[in-house]
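First comes the structure, then the notes that go with it.
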Amino acid sequence: MRAPIRMPGHWFDELAAGGGSMEAVSFLAQGERSRRLLLIGELLSRLEERPTLLGPADLGAVWETVEQAEERRPRCAEELLLGPEAGSWLAHTLRRLHGTSVGPPLWVDTGHLAAVALVAALRSGTNADLVVPAREGAIPLPTLGLARLPGIPLLGFQPVHARVREGELRLTATVPGTGATALTLRPLTAAQSAVWWPTHRLPVRQGGPEVILDDTDPYRDLDRPVPPRRLTPRELATWQRLFAEAVTLLDPGPASVAGSGAPPGCEDSGPGTLRPEEIRRIVPWPGRLPNGPVEGLSASTADAFGSMVVAEPPNGAALAETMVHEFQHSKLGALLHLFAMLDDDRTEEHYAPWRPDPRHLPGLLHGAYAFVGVAGFWRDRIGDRAADPLDLAPFRFALRRIQTRTVLRTLATRATLTGPGRRLVAGLTRTVDGWLREPVDGQAVARARAAAAGHRAEWRLRHLRCADEERAGLAAAVRSGTPLPPPRPPRLVPAAERTHWRDVRGALYLRPDAATDPVADAAPGQADILLVHGEAASAREAYREQAAATPGDPHLLAGWLLAHSALHPGHRRLLARPERFAAAVEGEGPEVWERAAHRLASPGSPD
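Taking our numbering, the leading residue of the sequence shown gets 1, the next gets one more, and so forth.
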């Protein structure tokens, strides 16, 4: 029986602060190794019980190939089975076997194990004779590339015979009469061609480790298999340039590591720092979203430690920030595989300052951990004009520390945390509270506070409604002067009634100078521009005029409240429960808004 995994407390505390030394992260990787081996054992047990799940492949031949490769070159096969490519495939396949995911014919998913064994044989120099699945005539070889049978393309999913001898691979269609011809190549050294797409690799440093840039593996997305989407030469060159820039920014120096908030002895591994070689794989975002472009989006899964799906960023700093963000998710995912942190309540009802939709508590925990890293990243770049030529780091740091503290408060008061969960949230809170005491440019802090307040107010207006009785009482109080009703817990708007929205006003606070830029991505209204530039009286009037033509628009109502609160600081309490203001003025024109605001914000009115 194996001894249980025990993490030294000081490593946990390093990670709980939002950072983590090389030793602490290596411990997480060892935990992932143990978990991965257990999952592989489960898959093999199921395949042994039901050999037909592999279709035309033979489990005995496949695993014998793996064992021979490992014997010839120790750790060769294990490295493949522990990589993010195998992790994504293995998790998807086990979900298929449990009936919780969908995909191609099941034998295609299970038979991918033969492709892993094939790569092990190629890397170790052993022989192999296996049947592997082809997808539209393409055979993925994890970490190596994608081979395509020449001739008439195979349609759908077909078994292909693969023979390896001394590093040479020969692929032959097993179905006669298809018109596809055999392919012979040396995948370890072959150059790109019409029939061979080698895996792209991004060097971290010359002669050192490399990060895979994966555009071919069918399991490179978060769960369901996706077709290959080969990068164009221009796209590849862009990714190579951006990654090189990101690595340069992430290289720690004396100015970036001092006072990082990490425990003593780990100052070079605080929140926001990242050793680029800890990233195993970057996947260019493989498609588009129904709501529009994917720019700025990224995602990761705990099934593939060190891997991330990333939309092409605008510059190296954005890629470096994304790498930090997503590796934070990898670290927390690995921690959650070792420790239960909180009751896994999946009710999506909580405010997440970086999202337009409500989130569940596990999502809040992941978001808090990720954005502690993001805040630390920008904190370390304050004053670094090479990394931050537009001097946006102070605002970004100030905004993320405010937002993350809000979520940590929610977790501390609303989540049912375990002992390790309390220790993690406490560690993150100490980090952020320390940052909140640090002086930052006053204008940047003011803009960050306004942006945070604006997002929260608009989110509440879009997602929360007062109870019916409270709504009626509020409306009556404004119309006839009756006493204001006491506040009650608001109800969440049903998901079917929600609409996607973008925080356009928040983006303007980042760069007020871009508000009048005709080529800016955002399309702000004149009222937003006036508000961001500090012209609160004019902004309030502009929001009122726009609201007369578009009644009930939560963006305009939130903007009016922000402008009104800037003119009447004593009325800022309206921003805490803007849904009460919305209920009070529902069905009324903007001409009553100021009267309602004074009524709700008057001394003695219930909060």
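All C-beta atoms in this analysis are idealised placements derived from N, C-alpha and C, irrespective of residue type, glycine included. From a predicted model like this one, the values you see are computed outputs, not experimental measurements.
- Boundaries for Thr172: no alpha helix (DSSP H) harbours it, while the beta strand (DSSP E) harbouring it runs 168 to 173, taken from the DSSP string.
- Less than 8 Å divides the Cβ of Val131 from the Cβ of His161.
- Residues of the same chain with a CB within less than 8 Å of the CB of Gly179, apart from the 5 flanking positions on each side, are Gly151, Ile152 in chain order.
- According to the DSSP assignment, Ser565 belongs to the alpha helix (DSSP H) that extends over 554 to 567.
- CA-to-CA, the gap between Trp285 and Val309 works out to about 6 Å.
- In terms of Cα proximity to Val407, the closest of Arg456, Asp251, Glu326 is Arg456.
- Under the three-state reduction of DSSP, Ala114 is assigned to helix.
- In the DSSP assignment, Phe157 falls outside any alpha helix (DSSP H) and lies within the beta strand (DSSP E) extending over 157 to 165.
- Beta-bridge annotation (DSSP): Gly145 is paired with Leu141, Pro198.
- Restricted to the segment 292 to 352, the alpha helix (DSSP H) segments that are unbroken, complete and at least 4 residues in length are 316 to 338, listed in chain order.
- In the DSSP assignment, Ile282 falls within the beta strand (DSSP E) that extends over 281 to 284.
- His329 and Leu274 have their C-alpha atoms roughly 13 Å apart.
- Contact between Leu508 and Pro524 holds: CB atoms are separated by about 5 Å, below the 8 Å threshold.
- Inter-residue distance for Gly333 and Phe305 is about 8 Å (C-alpha atoms, whole angstroms).
- When C-beta atoms of the segment 120 to 129 are compared with those of the segment 96 to 110, fewer than three pairs fall below 8 Å, so the two segments do not count as touching.
- For Ile212, the enclosing beta strand (DSSP E) has its first and last residue at 210 to 213.
- Residue Pro159 holds the alpha-carbon nearest to the alpha-carbon of Pro56 among Ala548, Leu574, Ala16, Pro159.
- Pro490 places its beta carbon 8 Å or farther from that of Glu348.
- Looking at the backbone, the Cα of His564 and that of Gly427 are separated by about 37 Å.
- Looking at the backbone, the Cα of Glu541 and that of Arg505 are separated by about 17 Å.
- Residue pairing by DSSP places Arg123 opposite no residue, since no beta bridge is assigned to it.
- Where Val374 is concerned, the enclosing alpha helix (DSSP H) starts and stops at 361 to 379.
- The continuous beta strand (DSSP E) containing Asp129 extends over residues 128 to 135.
- In the structure shown, the three-state DSSP call for Arg75 is coil.
- Excluding five sequence positions before and after Pro606, the CB atoms of its chain that fall closer than 7 Å to its own CB belong to Leu484, Pro486, Pro487, given in chain order.
- Between Leu144 and Pro198 the beta-carbon gap is near 7 Å, inside 8 Å, which marks them as a contact.
- One thing to note: Ala17 has its Cβ no nearer than 8 Å to the Cβ of Thr404.
- With respect to Arg224, Val102 sits close: the two C-beta atoms are nearer than 8 Å.
- With fewer than 16 other beta carbons inside 10 angstroms of its own, Val175 counts as exposed.
- Selection Leu600, Leu567, Gly570, Thr550 evaluated against Pro590 yields Thr550 as nearest (Cα-Cα).
- Excluding the 5 residues flanking it on each side, Leu44 has same chain C-beta neighbours closer than 8 Å at Leu59, Trp63, in chain order.
- Leu149 and Ala182 have their C-alpha atoms roughly 6 Å apart.
- Counting C-beta pairs closer than 8 Å gives three or more between the segment 442 to 452 and the segment 390 to 399, which meets the contact rule.
- Taking the CA atoms as reference points, Arg96 sits about 35 Å from Ala191.
- Under DSSP, Pro153 takes part in no beta bridge, so it has no partner.
- Secondary structure at Leu231: coil, using DSSP grouped into helix, strand and coil.
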